[in-house]
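The sequence shown: position 155 = 229 (this note's numbering), numbered continuously. Even for Gly, the Cβ is constructed at its ideal location relative to N, Cα and C. The next block holds one structure in the form of structure tokens; read it before the comments.
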Amino acid sequence: MFSFDLLLDAVVLGLLLGCFYAAVSIGLSVSFGLLDVPHVAHPAFLVLASYGVYLLNDYGLDPLLAGLLLTPVFFVIGLVTYWIYYETFEKRGQDQAVRGIAFFFGIAFIIEVLIIMTLGVDQRSVSAEYIGKSLRIWDMRIPMRLIVAFGVAILLTFLLTQYLSRTFTGWAIRAVAQDEGALRLMGANPVKIKQWAFGIATAVLGMAGALLIIVAPVEPTLDRAYIGRTFCVVVMAGLGSMSGTLAAAIILGVSESIVLTLFGASWAPAISFALLLVVLAVRPQGLFGR
């Protein structure tokens, strides 16, 4: 039976869920949206970060602190990954998109297999004071884990937006996909700029992976559930739009939550693909693209 109270709950939870989707998608907004790198291994790196947080949590570290400690580690991983991608595919300039997709799919498969071989296929979770608790507002109970995801997502979006709009390196990152020649005239090396940007895109997965395992338990194949969601958010936003990524993620989160409440869980996973098809048909450049 339809209830406005249930609908309100769905919208509020969808808003928080959308901010979580923004946190796990914002790195892809840089690597795919700004750099045009077909980074389909993004969700696999996300799951890898979650397992790293799980291992550090076993030593008593708070998941958010563990994610912060993993951030420089994943920055280095991003630098190395882009260097291999550039030397193997982008530098040669032949069928780089198709071969690049195969390359990143291979990395995703390797990460998944390594996790299974080392930690097994069982679900893993973390412990923290705020996990399992909820905030009561009138008759509504809001899980603290989603409130944490909301706060971190807003902070990540703000920091990345400021970095890209207020620093020379940020301007260079935005310019590198549009006019490499002009960037060279400014004294910047486009390859180094792309490598640095890809490192940043991978580094934010440290915190995003912490949020992933805070929100729900993780398992090695979880990346398959997020590949559609993350690409949907980035394409809906308009490639490279940080604030648009947050807005598009909220649209996806609210839509999923409402469908889940009204029609059941079996329909919710299809929402990302449905929204993606509608946006591509009506506004191919994305909701916030130019």
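Rounded to whole angstroms, the Cβ separation of Val104 and Ala321 is 17 Å, and the two are not in contact under 8 Å. Using a 10 angstroms sphere on the CB of Ile274, the tally of other CB atoms reaches 16 or more, which defines it as buried.
By a beta-carbon distance limit of 8 Å, Leu120 does not contact Val147. Their separation comes to about 14 Å. At a Cβ-Cβ threshold of 8 Å, Ile332 and Ala96 do not count as neighbours. Within the same chain, Ala284 come within 6 Å of Leu138 by CB-CB distance, once the 5 residues on both sides are set aside. Annotation: the continuous alpha helix (DSSP H) that includes Leu229 extends over Met218 to Arg240.
Looking at the DSSP output, Ser208 sits in a beta bridge with Pro217. Within the model, the alpha-carbon separation for Asn263 versus Tyr159 is close to 17 Å.
Taken in chain order, the unbroken stretches of alpha helix (DSSP H) that lie wholly in the segment 272-352 and span 4 residues or more are 279-289, 297-311 and 316-337.
Here the C-alpha atom of Gln197 lies approximately 6 Å from the C-alpha atom of Pro291.
Note that the segment 223-231 touches the segment 309-326; at least 3 beta-carbon pairs, one per stretch, sit closer than 8 Å.
In the three-state reduction of the DSSP assignment, Arg173 falls in the helix class. Residue nearest to Leu234 within the set Val250, Val278 and Arg215 is Val278 (criterion: CA-CA distance). The beta carbon of Val309 sits closer than 8 Å to those of Leu350, Val353, Leu354 and Gly360, all from its chain and outside the five residues before and after it, given in chain order.
Here the alpha carbon of Ser239 sits roughly 6 Å from the alpha carbon of Trp245.
In terms of Cβ geometry, Ala140 and Ala282 do not form a close pair [threshold 8 Å].
A straight-line Cα-Cα distance of about 11 Å links Ile100 and Leu313. Pairing Ala342 with Leu336 gives a Cβ-Cβ distance that is not under 8 Å.
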